[in-house]
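Chains as they are written, first to last, in numbering that gives the first Met the number 0: chain G, 0 to 497; chain W, 0 to 497; chain E, 0 to 167; chain S, 0 to 167.
Shown next, in structure tokens, is the structure this report addresses.
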Amino acid sequence: MINKILIANRGEIAVRIIRACKEMGISTVAVYSEVDRKALHVQLADEAYLLGSPAPLESYLNMDKIIEVARMTKACAIHPGYGFLAENSEFAKRCETEKIIFIGPNSKALALVGDKVESRKTMTQAKIPIIPGMKAKGENLDDFINQAEKIGYPVLLKASAGGGGKGMRIINSKEELKSSVEAGMREAKSAFGDESVYLEKYIQQPRHIEFQVLADYHGNVVHLFERECSIQRRHQKIVEETPSTILTPELREKMGEVAVKVIKTTGYTNAGTVEFLLDKDKNYYFLEVNARVQVEHPITELTIGIDLVKSQIRIASGEKLTFKQEKLSQRGHAIECRIYAEDPENDFLPSFGKILFVKEPCGPGIRNDSSLYSGLDVTMHYDPILAKLICWAETREEARKKMIMALSGYVILGIKTQIDFLRDLMLHPEFISGNTHTDFIPKYLSDWKEKKGKKKFVEQALIGAAIGMLNKGKKGARVEKKLMFDPWLSLGNWEIGA
Amino acid sequence: MINKILIANRGEIAVRIIRACKEMGISTVAVYSEVDRKALHVQLADEAYLLGSPAPLESYLNMDKIIEVARMTKACAIHPGYGFLAENSEFAKRCETEKIIFIGPNSKALALVGDKVESRKTMTQAKIPIIPGMKAKGENLDDFINQAEKIGYPVLLKASAGGGGKGMRIINSKEELKSSVEAGMREAKSAFGDESVYLEKYIQQPRHIEFQVLADYHGNVVHLFERECSIQRRHQKIVEETPSTILTPELREKMGEVAVKVIKTTGYTNAGTVEFLLDKDKNYYFLEVNARVQVEHPITELTIGIDLVKSQIRIASGEKLTFKQEKLSQRGHAIECRIYAEDPENDFLPSFGKILFVKEPCGPGIRNDSSLYSGLDVTMHYDPILAKLICWAETREEARKKMIMALSGYVILGIKTQIDFLRDLMLHPEFISGNTHTDFIPKYLSDWKEKKGKKKFVEQALIGAAIGMLNKGKKGARVEKKLMFDPWLSLGNWEIGA
Amino acid sequence: MEYELIIDGEIHKVSVEPKDGKYIIDLGKKRIEAFCEIIDPNSFLLVIDEKTYPFYMAFHEKKIHLSVGGEKFVIQEAESKKEKRFEREGVDIEGKKAICAPMPGKILKILVEEGEKVRKNQSLAIVEAMKMEHEIRASIEGFVKKINFKEDDLVDTEEPILELEVKD
Amino acid sequence: MEYELIIDGEIHKVSVEPKDGKYIIDLGKKRIEAFCEIIDPNSFLLVIDEKTYPFYMAFHEKKIHLSVGGEKFVIQEAESKKEKRFEREGVDIEGKKAICAPMPGKILKILVEEGEKVRKNQSLAIVEAMKMEHEIRASIEGFVKKINFKEDDLVDTEEPILELEVKD
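Here it is in structure tokens:
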């Protein structure tokens, strides 16, 4: 039995995992970098150890140090969360050698699904539909020219070791091919140290549909239905929902079966996600396996009624899955919005600094996975995700309205976020009608600006600010007689930071 | 269509209703008494109107004033919440006359289920099992003596107009009968202005099982399964859960059918709860209909996946129920703990005052319906309920553990609460094994004391307090260099209240 | 600095000295090094031997309200306890007995008058709070020396509603 | 008191006077009576004509960060804007141009030296934040007058990394 887990991560996912552990009676060890000393995951864990300086390689990617803390604290397992070491097969292998349970897939399956070209091969052999394209990385220009003809333009150039859009290029014709392949190889080389690239058919306005799966060590594999994550910006998901508005029951069942087959084919264990692209004619193509707990896992939890993080821990302990495929069903509708420290008016560049004040939304059907608090320093060192806001309701339309209400109630002062952008997205007619695809944001919201001059509460803001200025000026001035306490008297508080 | 609702209530239930309205795009009108000017329901509503002085008759029970505000603001419906005017058939009738939609049962059904003796008669005619007892109030002492013999001792004396345990007495033998009946009549007279009393069989260590029902104006009635509310103190429910640990699927189905029959028999509309007692041999007896949304409604919402407050509003609008009985099912397990401003070591006497600081628990599967905030004044004028904490998980055991974690994370400084008592209750072996009944607290926890001298964190508390004292003394002292802001500099804040 | 802090009636001596951004704490039986991080004016993080203890604290009327590890503490400095004007248990040296409400509330009725003789357990007043009535009874036999409040007044649990006097 | 407050580049005149526990506000085109209740140091309740507007406010570096009705405002006093040392858009009267980072971050590289001639759009520096790199380019042709930071320094969006000068 696992009785102590080291959480090799930070932010909201570390908090999420610690909460699951607490409920299971498992002790928790947090690790942190110098800037995260007061982070919420440090506050919540039973023990917390400093890894080093903020740079990820010195802290959250520092395998030696993390293994050392695990040994010292006698943690028998490590949960890597998402990002950082989550899909690092070397780290998984290292844990196996050290006899520490890595809460994730076995290192062999992890290595297999991590190599795009290799996994395309495996899937082809298993007759899993993949995007038509090259069976291997291209050797010379003729290779690319011949293959592009065969696939049919437009084609997509991808890095073999890739991810996150690096080295990716759309090629519309033979004329563009040479320079694109060369540029793509250069980019791939500099991003991954590996210049291998290959071609795939470019699917226009596809939907991104993924299936959550759980696989135990006893050969049981179930899928927990789909999540649609088509709303993306620069290949980054920002809104996810389930059920998908496009899947019919038949297609859902078929794709679920394929997802299970992918997992069985690769010998994958623990929780994972099988990603597909769905084209306009509802043809689906296997994309890749995400070998970790996903950022968007809560929407599955809320509609299926299963805790995925607890399931991960149970599977890692060697337990059998307690539910059969036929007992699982979707109930209601869930939407997740990712809250980022970004400035949507300034090309979504990161916005960091001190959070002067935060007020998080709450209420029935609202889940807020966050690690925020008033006074938190959002630093430049890590991913700008601040929180995940998830709304569940009986229907999609109600979940959408709940999300709009929840976003309106999410107050973060001091740094910029894309909360207003997300709210406008929720109000977009094409989102309302469920016509989502991966080009949604470039197509409909590329020129989004905060509604300057169209704001409805300018008057109230001016009055509030003026009253604030008035009382700020007069130290000791009392706003009203029955004041329960007087913030004007304690200005120090207002001036957080500096 | 209902487009504006006046919420004739306060506290967490008013907040709950306002949130549902916001999600439905319905405008909200709050009302408040002088002490509730800063209350959360006032903060959240679109408009808020002062009713009068804190005394309920001047404010939340002031029918004239409430109707006047509804007319003035053009609210087309009133939601009464629970308590106050929720089960007042005069108020329901008044609304009907004024052509304001009363979001609750029609006044006729409300009057019928409100009269205990009358509703016993109706149920007997409809062959609903009721607790063996008198068919009408007793006329003279011989009546009571004969009936008590027929029923068999011990018997329970109850006030016909009663509720809340007033006038209630257990009678063990003929010898006790005369004085008990006389005392009961006096108490009933003074409590309700009606001295009518009657006898029922006294059920020993029963379980309190209730069924949630929804009935529309089109003759559709469904039940949403049971809630077990056996954990009570002075006839006040404090812990509720669903599913009940005692019901078999057959018994659940049977009782659900009876609940639906009760509702159909009384011509009841909107949301309601049919209460039963279940004896040791699993015989069930109809107790009464609670003609309102219940405090414990969230546990049904979390396991059935239906929003009951929204359903109430839809039914009141004349909409048809959209779900059939056979489509409804329970998923997982939910437990609710009611957080009261009470001192469990001082006979649960109310504890009020300023809340110096509050930190509410959050996390997956945790729902906190509350109207608390740091600085809130908990006054003596109203019910001491502060919040409802609800935990959902896949199994009862997991929900129980989640509840323990959530209670441990519920920080309320400044007033006493029974949070520690609730936690010990959750840890009690008899609760763990699901052996709950209405005598649970008197039997197992009557002598509960806070674990003085057994506290585990005395050292940490001393250190924290000493560091606090040290820095409080030195104005301007800095605790550490990189302090982001310095509460020691702004002592005004600490001294909330006078 | 040294403090005498009372928790649940027990006095604890604590000495605390800041040093290099840390605190050196002496609890008598042991010395501890601790870090204290401030999260917000009421929330703190105590770090002892890499174990983290978030705690929440508010000062109010000479008391420290503190919560740590899910446990709640109301802490007083030893001196301030002496300031308390009335002894709740028993009769004071002058033979007087203060009668306080068991809970804060509104006085519904005062059932006695100054100078009146009362027997033990006699009802003296009725206090109401949160829809509940509570009778205040005489804990000793004696005479009503002084009544400090009138009907409809609000009372807390510290200020006596009335004072009784034992006369021989 | 009268204030000139800037919201989204527009100047608004607001006058506010406390009176009998209320505030009389003059917005030029209309006069409003408002109550303002304080919930906590950052949370307030504005009451105008029985309509309640909860708002949240924090003062920080001469700016008022405020949220009301789900909308966010960063408000400045008109005077304090004048204090700003550099004009972000265009060249100042002395023919100098301040180059600031588009986001706060760490300077990875400075690609020019003081005195160096630069052409328009030439890369001047690379700033990194949250795993993203961003090139800072010259918005005008000119000479590097002054470099204010070195590699590995942290910068915000207000303080210029370097200053360019137009020479004829």
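Yeah, the Cβ is synthetic: ideal placement off N, Cα and C, and Gly gets one too.
Backbone CA spacing between residue i and residue j [nearest angstrom]
i              : j              : result
Y372 (chain W) : G362 (chain W) : 18 Å
A405 (chain W) : G151 (chain W) : 45 Å
K73 (chain W)  : Y52 (chain S)  : 20 Å
D280 (chain G) : L246 (chain G) : 12 Å
E112 (chain E) : Q121 (chain E) : 13 Å
S316 (chain W) : K400 (chain G) : 19 Å
R15 (chain G)  : Y339 (chain G) : 17 Å
D152 (chain E) : I146 (chain E) : 12 Å
A476 (chain W) : V273 (chain G) : With a pLDDT of 33 at A476 (chain W), under the threshold of 50, the modelled position of that residue is not reliable, and the figure given next carries that caveat. Between A476 (chain W) and V273 (chain G), the C-alpha separation is close to 56 Å.
E175 (chain G) : L156 (chain G) : 11 Å
H234 (chain G) : I440 (chain G) : 11 Å
V80 (chain W)  : C75 (chain G)  : Here the sequence assigns Gly to residue 80 (chain W), which means Val is not the residue at that position. Roughly 50 Å separates the two Cα atoms.
K165 (chain G) : A187 (chain G) : 7 Å
F420 (chain W) : P343 (chain W) : 7 Å
H11 (chain E)  : Q42 (chain G)  : 27 Å
E150 (chain E) : K200 (chain W) : 43 Å
Residues sharing a beta bridge with residue i, DSSP
i              : result
Q75 (chain S)  : S:I5, S:K62
A333 (chain W) : W:T241, W:W391
A214 (chain G) : G:V220, G:N269
Q514 (chain W) : Residue coverage of chain W in this structure runs from 0 to 497, which leaves residue 514 (chain W) outside it and unanswerable.
V30 (chain G)  : G:Y48
T51 (chain S)  : S:V46
L276 (chain G) : G:H207, G:Y284
N499 (chain G) : Residue 499 (chain G) lies beyond the range of chain G shown here (0 to 497); nothing can be said about it.
D39 (chain S)  : S:S42
P349 (chain W) : W:E341
E134 (chain E) : E:I125
F34 (chain S)  : S:V46
Residue i - containing alpha helix (DSSP H), residue span
i              : result
V259 (chain G) : 248-265
L307 (chain W) : 307-315
I303 (chain W) : 296-303
G113 (chain G) : 106-113
Contact set between residue i and chain B, taken where Cβ atoms lie within less than 9 Å
i              : result
D155 (chain S) : Absent here is chain B; the protein component of the structure consists of chains G, W, E and S.
Helix, strand or coil at residue i according to DSSP, with G and I counted as helix
i              : result
F143 (chain G) : helix
E359 (chain W) : coil
L371 (chain G) : coil
D342 (chain W) : strand
I130 (chain W) : coil
R18 (chain W)  : helix
C99 (chain S)  : coil
E57 (chain W)  : helix
R93 (chain W)  : helix
S14 (chain E)  : strand
R36 (chain W)  : coil
Beta strand (DSSP E) segment containing residue i, residue limits
i              : result
L5 (chain G)   : 3-6
G25 (chain S)  : According to the sequence provided, residue 25 (chain S) is Asp. The question's Gly does not apply to it. Its beta strand (DSSP E) spans residues 21-25.
E127 (chain E) : 122-128
I102 (chain W) : Looking at the DSSP string, I102 (chain W) is not in any beta strand (DSSP E), and its letter there is neither H nor E.
*Of all the alpha helix (DSSP H) runs that stay within the bounds of the region 376-461 of chain G, which reach a length of 4 or more residues?*
395-407, 418-425, 428-431, 439-443
*asked:* Which runs of the alpha helix (DSSP H) at least 4 residues long sit entirely within the region 134-202 of chain G? Give them in chain order.
replied: 140-150, 173-191
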